[in-house]
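Protein sequence lines, in the order shown, are assigned to chains U and V.
Numbers given in my numbering equal positions in the first sequence, counted from 1, plus 208.
Numbers given in my numbering equal positions in the second sequence, counted from 1, plus 208.
There are 2 protein chains.
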Amino acid sequence: MKFKNFPMVPRVVFGRGSFDQLNEILLPKRRNDKAPFIFLIDDVFENNPEIISRIPLIFDDQIIFISSDTEPKTVQVDALVSRINEAFDEKPSGIIGIGGGTLLDLAKAVAIMLNNKGTADQYQGWDLVKKDAVYHVGIPTISGTGAEVSRTTVLTGPVMKLGINSDYTPFDQVLLDPELTAGVPKHQWFYTGMDCYIHCIESLNGTYLNAFSQSYGEKSYELCKEVFYDQSLDEEMSRDKLMMASWHGGMSIAYSQVGVAHAMSYGLSYVLGTHHGEGNCIVFDHLEEFYPDGVKLFKAMKDIHEIELAKGLCAALTDADFDTMIRVSMGMVPLWENALGKDWQQVITPEKLRGMYEKM
Amino acid sequence: MKFKNFPMVPRVVFGRGSFDQLNEILLPKRRNDKAPFIFLIDDVFENNPEIISRIPLIFDDQIIFISSDTEPKTVQVDALVSRINEAFDEKPSGIIGIGGGTLLDLAKAVAIMLNNKGTADQYQGWDLVKKDAVYHVGIPTISGTGAEVSRTTVLTGPVMKLGINSDYTPFDQVLLDPELTAGVPKHQWFYTGMDCYIHCIESLNGTYLNAFSQSYGEKSYELCKEVFYDQSLDEEMSRDKLMMASWHGGMSIAYSQVGVAHAMSYGLSYVLGTHHGEGNCIVFDHLEEFYPDGVKLFKAMKDIHEIELAKGLCAALTDADFDTMIRVSMGMVPLWENALGKDWQQVITPEKLRGMYEKM
Chain U
209 MKFKNFPMVP RVVFGRGSFD QLNEILLPKR RNDKAPFIFL IDDVFENNPE IISRIPLIFD
269 DQIIFISSDT EPKTVQVDAL VSRINEAFDE KPSGIIGIGG GTLLDLAKAV AIMLNNKGTA
329 DQYQGWDLVK KDAVYHVGIP TISGTGAEVS RTTVLTGPVM KLGINSDYTP FDQVLLDPEL
389 TAGVPKHQWF YTGMDCYIHC IESLNGTYLN AFSQSYGEKS YELCKEVFYD QSLDEEMSRD
449 KLMMASWHGG MSIAYSQVGV AHAMSYGLSY VLGTHHGEGN CIVFDHLEEF YPDGVKLFKA
509 MKDIHEIELA KGLCAALTDA DFDTMIRVSM GMVPLWENAL GKDWQQVITP EKLRGMYEKM
Chain V
209 MKFKNFPMVP RVVFGRGSFD QLNEILLPKR RNDKAPFIFL IDDVFENNPE IISRIPLIFD
269 DQIIFISSDT EPKTVQVDAL VSRINEAFDE KPSGIIGIGG GTLLDLAKAV AIMLNNKGTA
329 DQYQGWDLVK KDAVYHVGIP TISGTGAEVS RTTVLTGPVM KLGINSDYTP FDQVLLDPEL
389 TAGVPKHQWF YTGMDCYIHC IESLNGTYLN AFSQSYGEKS YELCKEVFYD QSLDEEMSRD
449 KLMMASWHGG MSIAYSQVGV AHAMSYGLSY VLGTHHGEGN CIVFDHLEEF YPDGVKLFKA
509 MKDIHEIELA KGLCAALTDA DFDTMIRVSM GMVPLWENAL GKDWQQVITP EKLRGMYEKM
């Protein structure tokens, strides 16, 4: 058996208000006044001077606001890389992603593609990246995806929704400031938090699990439960703990994998553009067969927070749509193997998946 | 408030049998055939071909066996650095520490001192190291110290037992193979495991705690309890989980600190040479006043495993010995502040400490 030599984020700051340390962190990483820092920021902050005024811009540094209304795409990465290459004579000193999973994944992918030839879709898969990325920093403003610690960046490409999984993907620096998550709308808070919860359920119930991933997954699960089910925390502590749940949840994937919900949710996102967190929730709600205890607690948390999940998403789909959805989902081989073992195709057939999708 | 930009170990392998991947890990780090890897190995393995035959020696690579009967010393680090500098024309490609906390701390300190001028005692303290260390790898063979993830290397110097705390201290690579801990004698297994348990109690009950450290500390505490109190695990799983307890316990110190037991144990080690883990146990057994629940569970675990702690250690000490012990212990200001707050000196006086030491 071969074990992964897992790349961890080599630097992390945690603390309420630590966002104000960004300047000090970036300063020694600036190569010169012609090599700017590029800040990719969720456009929900565009009219938020409380956040934007604290971005330490000097010389040619640039903010690019990006909508997270749609999931990140390989063509979007390619366009950002072209835009940056055309605007500056020198490679940037660094890329800083500020936002949720979409912004963090874009920042990771742009940092990789600034140093690697071709287009982003050529690197979707496992260990296809050959050159180190530009220095890149992740600053989550919503908790749950685990994108801040993962070695993947999930992108929708021309053929697949699939991550660029590589040792060069993880951030060089992460800044965890729970205060940045204060203004997240309730439904997003729930969907993204549940992304983390579902990670944990899938990881802890998977065949790939070992004690490393288990310890992170169990802690993340407990923290999710504290935040969404027990509800005994004040708001500040709840934000702190959800940020740590996301962190540990991301780490729990190091030697394990996600499972059925993510595999099916990828298909949903690819065809319908459903957001990752919301898609996971919609799928997971139907997975009693695979994760009975996890789904039971999920439904309880959904009730507590009065979350109504979208219904009838697949009602108007054509056979061709279903076929694409099923192809994308069944392409997630490691996820299915983790969930159900090597013989997963004896359980999961195109017909079975179609029947499940039709209920959503 | 300023938050530490914590340096994490950037690469980790976890898995039973992963020790066999060492060659593959080191290969790309070898600069040339004149720049050897130096393996610092606990001499308990000297006559253990099952381990030694798996060390991937080529060219001028060298094994140096080191006894862990005594705690690591600054003069020992200086001697090792001189020996390596004299034996080779080039700086080593890397230093690999294989053993418990003593070997791991020596490896970290030697890697630092190969690139920094002067003697190791000049760097005891916080952030005194100015140059990056030589590439260094940590491979624990006993679980509990957390030395595999910490940013310190605790050394006994001419004046103090104090760590070289720096951003350059952490390993560049850690390999966690629980099978390497299979032959640890029971009392060492207990003392070193309890070092971790005591870390957690001190961290979780400290004034420095935040949600980052708390989440790691809680998980580590739970794993210690599973291993030493619940005892429902088979041997393999018990080793796996204790290795993870140590890892998380080390991380829990990132934004917190240890406390009363460590502060007093440092004094004990300095004057009497008491081993770190054993010293912590001897001290902690007397700390009901500070950690009532933690000490209660500790005593229960001590009973379960039929551990007899040494008594009367301080019986023959002179006043001068006590003064030294108290000076070293009271010098650990951050530990006392974490345990008891800024006004710790209102509780902890030389007289109070003397009274406590006299009971040990």
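Just so you know, even glycine gets a beta-carbon here, dropped at the ideal spot from N, CA and C.
Here the structure is a predicted model, which is why all the values come from computation and not from measurement.
Contact with chain V is found for Gln229 (chain U), since one of that chain's Cβ atoms lies less than 8 Å from the residue's Cβ. The criterion of a C-beta distance shorter than 8 Å is not satisfied by Ile409 (chain U) and Asn488 (chain U).
In this structure, the straight-line span from the alpha carbon of Lys567 (chain V) to that of Gln229 (chain V) is close to 48 Å. Considered as a whole, the stretch 333–386 of chain U harbours 344–348, 362–364, 369–373 and 381–384 as its complete beta strand (DSSP E) runs of no fewer than 3 residues, in chain order. Closer than 8 Å to the CB of His344 (chain U) there is not a single CB belonging to chain V. DSSP, read as helix, strand or coil, puts Ile461 (chain V) in coil. Counting only the Cα atoms, Gly309 (chain U) lies some 10 Å from Ala315 (chain U).
Per DSSP, the beta bridge partners of Val220 (chain V) are U:Phe214 and V:Val382.
Contact check for Met538 (chain V) against Leu517 (chain V) fails: the beta carbons are separated by 8 Å or more. Assigned with DSSP and collapsed to three states, Asp268 (chain V) falls in coil, not helix or strand. Leu235 (chain U) has no beta-bridge partner at all, per DSSP. Counting only residues of its own chain and dropping the five nearest sequence neighbours on each side, Ala419 (chain U) has no CB closer than 8 Å to any other CB. Collapsing the DSSP output to three states places Asp277 (chain U) in coil.
Pairwise C-beta distances place the stretch 244–263 of chain U in contact with the stretch 214–233 of chain U, as three or more of them are shorter than 8 Å. The beta carbon of Phe211 (chain V) is closer than 8 Å to those of Tyr463 in its chain, skipping five residues each way along the sequence. The alpha carbon of Thr482 (chain U) has as its nearest neighbour, out of U:Ser454, U:Asn213 and U:Thr278, the alpha carbon of U:Thr278.
With a cutoff of 8 Å on beta-carbon distance, Ile303 (chain V) and Gln332 (chain V) are scored as not near each other.
Its chain contains Leu431, Glu434, Val435 and Leu441 as the residues whose beta carbon lies nearer than 7 Å to that of Lys449 (chain V), once the 5 sequence neighbours on both sides are disregarded; these appear in chain order. Contacts between Arg219 (chain V) and chain U, judged by CB atoms closer than 8 Å, involve Asn213, Phe214, Pro215 and Met216 in chain order. It is roughly 14 Å from the alpha-carbon of Val283 (chain U) to the alpha-carbon of Lys325 (chain U). Counting of Cβ neighbours within 10 angstroms places Ala243 (chain U) among the buried residues, the total reaching 16 or more.
Contact between the stretch 343–355 of chain U and the stretch 388–396 of chain U is present, with at least three C-beta pairs closer than 8 Å. Note that the C-beta distance between Ala317 (chain U) and Val342 (chain U) is not below 8 Å. The beta carbon of Ser477 (chain U) sits closer than 8 Å to those of Glu279, Thr364, Lys369, His483, His484 and Gly487, all from its chain and outside the five residues before and after it, given in chain order. Shown here for Met451 (chain U): same chain residues with a beta carbon closer than 6 Å to its own, the five before and five after excluded, namely Ser351, Leu384 and Pro386 in chain order. Not a single CB atom of chain V sits nearer than 8 Å to the CB of Ile461 (chain U). By the Cβ-count criterion, Thr526 (chain U) is exposed, with fewer than 16 other Cβ atoms from all chains shown falling within 10 Å of its own Cβ.
In the structure shown, the three-state DSSP call for Ile304 (chain U) is strand.
Across the stretch 294–326 of chain V, no CB contact with chain U closer than 7 Å is found for any residue. For the stretch 423–439 of chain V, residues whose beta-carbon sits nearer than 9 Å to a beta-carbon of chain U comprise Ser423, Tyr424, Glu426, Lys427, Ser428, Glu430 and Leu431. At least one CB atom of chain V sits nearer than 8 Å to the CB of Asp448 (chain U).
A Cβ-Cβ separation of about 35 Å leaves Arg219 (chain V) out of contact with Phe273 (chain U) under the 8 Å criterion. Separation of the CB atoms of Thr377 (chain V) and Thr400 (chain V) is rounded to 20 Å, and the pair is thereby denied contact status at 8 Å. One finds nothing in chain U with a Cβ atom closer than 8 Å to the Cβ of Phe492 (chain V); even the nearest lies about 24 Å away.
By the neighbour-count definition (other C-beta atoms within 10 Å, threshold 16), Glu356 (chain V) is a buried residue. The beta-carbon of Asn418 (chain V) is placed less than 8 Å from the nearest beta-carbon of chain U.
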